[in-house]
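Okay, structure first, notes after.
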Amino acid sequence: MDIITLTSQNLSSEHICCSMSSKSTESGVAAKKEWLGCRLQEGLKFKKLDARGKVFIEYLPAENAWLPIDAEGYMLINCFWVSGSFKGHGYGKQLLAECESDALDQGCKGIALIVGSKKKPYLSDKSFMIRHGYEICDSCAPFFELAVKRFENDAQLPRFKSCAHQGLGEGVYGIDIFYTAQCPFTVPYTELLEPVITETNYPIRIYQIKTKEEAQNHVCPVTTYSAFIDGQFYSNEIFTPDKLRKLLANISAQ
96 MDIITLTSQN LSSEHICCSM SSKSTESGVA AKKEWLGCRL QEGLKFKKLD ARGKVFIEYL
156 PAENAWLPID AEGYMLINCF WVSGSFKGHG YGKQLLAECE SDALDQGCKG IALIVGSKKK
216 PYLSDKSFMI RHGYEICDSC APFFELAVKR FENDAQLPRF KSCAHQGLGE GVYGIDIFYT
276 AQCPFTVPYT ELLEPVITET NYPIRIYQIK TKEEAQNHVC PVTTYSAFID GQFYSNEIFT
336 PDKLRKLLAN ISAQ
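Going left to right, the sequence shown walks through residues 96 to 349 as our numbering numbers them.
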């Protein structure tokens with residue numbers, strides 16, 4: 096199948112793979128496309144299989160990445176996803192090759208991305224990347240790792256910034272949720288949390304990261320979605336109202 100590259104000309108008409116248009120995700124798709132439109136001007140590439148499915152890769156120069164990493168001169172993969180019946184056909188390898196070719200053409204030192212030390216939702220598959228020549232060059236609690244493929248053996252390795260290890264610190268009470276518009280699910284699902292927040296006395300604070308600078312100085316490795324309890328990182332999985340209610344019940348029972 097052919098690979099489609101999103102541009103400012105086709106962004107409005109093409110689907111963005113990770114969320115097909117539906118009433119439940121309309122606000123998130125619109126926010127994601129607005130975010131993409133701005134990032135396209137900063138060198139972001141979004142490439143997808145010409146198919147109605149979740150088969151895509153999204154990457155941009157690390158200097159413009161919305162992540163707290165030091166990776167000057169590298170290309171940074173934001174998101175890389177091949178799902179369902181599309182697995183096992185070589186599409187992931189094909190998309191990764193497109194990214195690596197672009198990075199080489201631009202004179203990058205290599206490719207970097209965040210993976211999980213074990214399989215985790217919303218993180219790329221570590222084992223797949225290792226099979227394709229990537230190595231782990233840094234880690235950050237509780238399960239984040241930085242994978243890299245260097246085009247030159249003596250290129251300086253990327254690192255998580257010190258703020259990524261920080262958390263919110265001591266003395267913070269309650270749940271803090273940070274999100275960006277990078278994922279089409281964050282905006283609509285965060286809006287759905289409002290009734291849960293109003294019905295509890297437990298402090299719940301929500302912040303949208305709106306700039307590259309905020310993201311690059313975030314207090315944990317991921318910025319698309321991160322939740323903290325009493326200042327400590329808890330999860331990068333998006334809360335649904337039921338998940339948040341269950342968490343609040345567990346906290347009350349302690």
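Glycine included, every Cβ here is placed at the ideal spot set by N, Cα and C. Computed from a predicted structure; not experimentally measured.
- A check of alpha carbon separations from L263 across E308, Q327, A236 identifies Q327 as the nearest.
- The beta carbon of S122 sits closer than 8 angstroms to those of V282, P283, E286, all from its chain and outside the five residues before and after it, given in chain order.
- Beta-bridge partners assigned by DSSP to M170: P156, I206.
- The residue from L342, Q311, S347 with its alpha-carbon nearest to that of L171 is Q311.
- Within a 10 Å sphere around the beta-carbon of P316 sit 16 or more other beta-carbons, which makes this residue buried.
- F151 and L342 have their C-alpha atoms some 32 angstroms from each other.
- Note on geometry: alpha-carbon atoms of K305 and N105 lie some 24 angstroms from one another.
- At a Cβ-Cβ threshold of 8 angstroms, K188 and R245 do not count as neighbours.
- Counting other Cβ atoms within 10 Å of its Cβ, N173 reaches 16 or more and is therefore classed as buried.
- Cβ-Cβ distances below 8 angstroms link Q277 to K127, W130, W161, N173, C174, T318, T319 in the same chain, with the five nearest sequence neighbours on each side left out; the list follows chain order.
- Residue pairing by DSSP places R147 in no beta bridge whatsoever.
- Shown here for Y186: same chain residues with a beta carbon closer than 7 angstroms to its own, the five before and five after excluded, namely L144, V150, V177 in chain order.
- Assigned with DSSP and collapsed to three states, T100 falls in strand.
- In the same chain as T102, and ignoring 5 residues on each side of it, the C-beta atoms closer than 8 angstroms to its own belong to L135, in chain order.
- Counting the other CB atoms within 10 Å of its CB gives H313 a total of 16 or more, which places it among the buried residues.
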